[in-house]
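Engineer: Residue numbers (our numbering), protein chains in the order written: chain A, 38 to 281; chain B, 38 to 281. My questions all concern the structure below.
Number of protein chains: 2
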Amino acid sequence: MPNPTAAMLVIGDEILSGRTKDTNTNHLACALTQAGIDLKEARVVSDEHDHIVEAVRALSAQYAHVFTSGGIGPTHDDITADAIGAAFGAHVDIREDAHDLLAAHYARDGKEFNDARKRMARIPDGATLIDNPVSVAPGFILGNVHVMAGVPKVFHAMVETVLATMTGGQPLLSATLRVHIGEGDIAGPLGALAEANPDVSLGSYPFQGEDGSFGSNLVARGTDVTELKLVMDQLAKALGVEHG
Amino acid sequence: MPNPTAAMLVIGDEILSGRTKDTNTNHLACALTQAGIDLKEARVVSDEHDHIVEAVRALSAQYAHVFTSGGIGPTHDDITADAIGAAFGAHVDIREDAHDLLAAHYARDGKEFNDARKRMARIPDGATLIDNPVSVAPGFILGNVHVMAGVPKVFHAMVETVLATMTGGQPLLSATLRVHIGEGDIAGPLGALAEANPDVSLGSYPFQGEDGSFGSNLVARGTDVTELKLVMDQLAKALGVEHG
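In structure tokens form, the structure reads like this:
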């Protein structure tokens with residue numbers, strides 16, 4: 038059975054202006070690879086209601102799971118909850134359980150639980166909350182969409198929580214062979230091996246060092262470690278290099 | 038007049054498996070912000086023909102410019118040129134000018150100009166070549182799609198070349214105010230200022246240090262430096278903080 042599929046949706050102008058580097062996609066990609074869930078697409082969209090709605094609808098129809106990052110804080114540009122609600126036609130309002138979690142948190146901290154902070158309790162009808170062990174304000178799951186915070190620490194914690202509840206397929210394993218040979222001299226044997234081993238995905242990623250050295254990282258991916266090893270041995274032999 | 042819009046399309050399984058971190062999107066985002074072109078969306082798709090074709094068609098219809106990264110090397114998994122051709126219904130074959138550039142390069146280096154390397158001269162009919170000062174194999178422009186290499190050094194050089202030929206709008210400027218105040222206490226004044234200044238985009242990006250310190254970076258973006266300064270002064274005053 039093929040692995041379940043997934044997509045990532047990063048929401049935020051700060052990524053598209055270049056001000057902030059998105060690290061959440063790479064974090065999720067690594068976690069999903071380990072879990073046996075295939076990340077098939079990632080998108081970054083701006084803080085615009087219609088744009089978020091459109092992306093959520095497209096991705097949630099196309100993939101088994103969608104993960105979002107960003108836009109669930111207390112400020113005016115945090116519009117993700119409303120956009121997710123709109124995408125699913127779900128009413129969005131302050132929800133009692135989320136409200137109570139946050140009220141208790143701010144009472145403990147001696148901070149005012151004002152209108153802005155109450156916005157973080159706005160959850161679409163029918164959603165399940167995702168625990169936030171870092172800063173309390175919850176994420177939520179609606180349909181197949183997992184709505185999580187943009188702050189990396191909180192995002193990581195939420196990913197761990199939701200992945201624990203998901204059934205993945207077989208973890209995707211990989212083996213890498215680093216060679217100081219140009220891609221143009223590798224392509225022939227690599228293509229032949231790829232064709233002979235349809236269960237193994239073979240990729241070539243060229244590198245160029247500052248010192249003028251160059252070469253390629255050749256990566257085999259698959260779920261069967263014996264098969265990966267065999268393919269890598271054949272590849273090393275075909276290229277006339279040592280393979281540890 | 039609003040700035041021209043743009044989208045980025047990163048092509049490659051290695052990004053979606055988490056093996057490689059995409060840095061090209063952030064590089065392009067910063068370059069476009071300076072050039073006065075608004076990056077509105079970024080996507081990462083896998084090395085699958087239909088997936089690339091679909092994304093290219095969607096993005097090129099929706100935005101003024103599309104920039105792609107990856108998949109133009111000599112190996113079997115480099116399928117970008119054919120996918121771009123298919124997206125535009127353009128025939129793709131080895132083109133004489135690209136062929137001659139590469140032939141001369143490999144002759145100088147004393148390397149065989151084999152079939153794999155000849156694949157890098159496959160260019161859709163009607164495309165314009167993009168110079169590659171690093172490793173010769175050219176990118177190309179077809180319609181509003183700028184097809185560039187995934188290797189960051191080469192991508193950077195190609196971005197510089199293509200941006201020099203584009204007419205942007207006004208560079209998007211930004212001013213940042215870093216405050217040790219939680220977002221929940223900022224949201225009120227920030228939202229009010231955002232409403233009163235529709236030409237300025239105001240965003241709040243929370244941070245949390247390892248030492249337990251927390252706060253927000255408040256960012257104003259716009260094209261008028263005087264207006265940005267005025268808004269930041271008002272914001273600092275409303276929050277009761279110093280502003281340099």
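Using N, Cα and C, we set each Cβ at its ideal position, and we do this for glycine too.
Does the beta carbon of A/P170 come closer than 7 Å to any beta carbon on chain B?
Structural biologist: No - not a single Cβ of chain B is within 7 Å of the one on A/P170.
Engineer: Check the Cβ-Cβ distances between A/V90 and every residue of chain C, and say whether any is below 7 Å.
Structural biologist: The question asks about chain C, but that chain is absent: this structure's protein chains are A and B.
Engineer: By the three-class DSSP mapping on this structure, what secondary structure does B/H136 have?
Structural biologist: Helix, per DSSP.
Engineer: Looking only at its chain, what residues have a beta carbon closer than 6 Å to the beta carbon of A/A275, apart from the 5 residues adjacent to it on each side?
Structural biologist: Cβ neighbours of A/A275 beyond the five flanking positions: P226.
Engineer: For the pair the region 110-128 of chain A and the region 176-185 of chain A, tell me if three or more CB-CB distances fall below 8 Å.
Structural biologist: These segments touch.
Engineer: Mind listing, in chain order, the continuous beta strand (DSSP E) runs of no fewer than 3 residues lying wholly within the region 86-166 of chain A?
Structural biologist: Runs of the beta strand (DSSP E) inside the region 86-166 of chain A: 102-106, 129-131, 159-161.
Engineer: When the cut-off is 7 Å and only beta carbons count, does B/V216 lie next to chain A?
Structural biologist: Not closer than 7 Å to any Cβ of chain A, the Cβ of B/V216 fails to qualify, so no.
Engineer: Mind pulling the chain B residues with CB within less than 9 Å of A/D130?
Structural biologist: Going along chain B, no residue has its Cβ under 9 Å from A/D130, so there is no contact; the nearest lies around 18 Å.
Engineer: Keeping to the same chain, check which residues put their C-beta closer than 6 Å to that of A/S238; ignore five residues upstream and five downstream.
Structural biologist: For A/S238, where only same-chain residues beyond five positions count, the Cβ hits under 6 Å are R258.
Engineer: Determine the direct distance from the alpha carbon of B/A229 to that of B/V268, and round the result to whole angstroms.
Structural biologist: Distance between the alpha carbons of B/V268 and B/A229: 11 Å.
Engineer: So with Cβ pairs under 7 Å, would you call A/N32 a contact of chain B?
Structural biologist: Absent from the structure is residue 32 of chain A, since the part of chain A shown begins at 38 and ends at 281.
Engineer: Any beta-carbon of chain B closer than 7 Å to the one on A/K77?
Structural biologist: So, interface residue.
Engineer: Between which residues of its own chain and B/R132 is the CB-CB distance below 7 Å, once the five residues before and five after are set aside?
Structural biologist: Here the set comprises A158, I160.
Engineer: Assuming B/F192 contacts B/M203 under a Cβ cut-off of 8 Å, what Cβ separation, rounded to an integer in Å, is found between them?
Structural biologist: With a Cβ gap of about 16 Å, B/F192 and B/M203 do not count as contacting.
Engineer: Give the residues from the region 194-227 of chain A that approach chain B closer than 9 Å (Cβ to any Cβ), ordered along the chain.
Structural biologist: Answer set for the region 194-227 of chain A: L209, S211, T213, G219, E220, G221, D222, I223, A224, G225, L227.
Engineer: Within this structure, are the beta carbons of A/P189 and A/T57 separated by less than 7 Å?
Structural biologist: For A/P189 and A/T57, no; Cβs fall outside 7 Å.
Engineer: Which partner residues of A/R258 appear in the DSSP bridge assignment?
Structural biologist: Paired residue(s): A/S211, A/S238.
Engineer: A/D115 and A/I121 - do their beta-carbons sit closer together than 7 Å?
Structural biologist: Not a contact, by the Cβ cut-off of 7 Å.
Engineer: List the DSSP bridge partners of A/E78.
Structural biologist: Answer is A/A44, B/V82.
Engineer: Per the DSSP calculation, B/I52 is bridged to which residue(s)?
Structural biologist: For B/I52, which the question treats as bridged, DSSP gives no partner whatsoever.
Engineer: Starting from the C-beta of A/E149, find all residues in its chain whose C-beta is less than 8 Å away, skip the five residues before and the five after it, and write them out in chain order.
Structural biologist: Hits under 8 Å: Y143.
Engineer: Thinking C-beta only, is B/L214 closer than 7 Å to B/H113?
Structural biologist: Cβ atoms of B/H113 and B/L214: not closer than 7 Å.
Engineer: Going by DSSP in three states, A/G252 sits in which element: helix, strand or coil?
Structural biologist: Of the three classes helix, strand and coil, the one that applies to A/G252 here is strand, per DSSP.
Engineer: Helix or strand or just coil, what does DSSP make of A/V196?
Structural biologist: Helix, per DSSP.
Engineer: Apart from the five residues just before and just after A/H165, which ones in its own chain have a Cβ nearer than 6 Å to its Cβ?
Structural biologist: For the sequence presented, residue 165 of chain A should be read as Thr rather than His. Contacts found: I178.
Engineer: Measure the alpha-carbon distance for B/A153 versus A/A44 and round it to whole angstroms.
Structural biologist: The alpha-carbon atoms of B/A153 and A/A44 are separated by roughly 32 Å.
Engineer: Nearest chain A C-beta to B/P111 closer than 7 Å, yes or no?
Structural biologist: It does: the Cβ of B/P111 has a partner Cβ on chain A nearer than 7 Å.
Engineer: Pick out whichever of B/D236, B/H64, B/H88 has its Cα sitting closest to the Cα of B/E264.
Structural biologist: When only C-alpha atoms are compared, the closest one is B/D236.
Engineer: Grouping DSSP H, G and I as helix and E and B as strand, with all else coil, what is A/V182?
Structural biologist: Three-state DSSP puts A/V182 in a strand.
Engineer: B/H64 lies in the alpha helix (DSSP H); which residues open and close that run?
Structural biologist: Its alpha helix (DSSP H) spans residues 61-72.
Engineer: Who are the neighbours of B/A153 on chain A, taking C-beta pairs under 7 Å?
Structural biologist: Chain A residues near B/A153: G221, A224, G225.
Engineer: In chain B, which residues lie less than 7 Å from A/R258 when you measure between Cβ atoms?
Structural biologist: S54, listed in chain order.
Engineer: By the DSSP assignment, the alpha helix (DSSP H) with B/P226 in it spans what residues?
Structural biologist: Taken as a continuous stretch (DSSP letters only), the alpha helix (DSSP H) holding B/P226 covers 220-233.
Engineer: Per DSSP, which residues does A/Q245 bridge with? Please list them.
Structural biologist: Per DSSP, A/F251.
Engineer: Strictly below 8 Å CB to CB, what residues from chain A border B/D50?
Structural biologist: Result: S238, G240, R258.
Engineer: Within 7 Å of any Cβ in chain A, is that where the Cβ of B/K266 sits?
Structural biologist: Not one chain A Cβ lies under 7 Å of B/K266.
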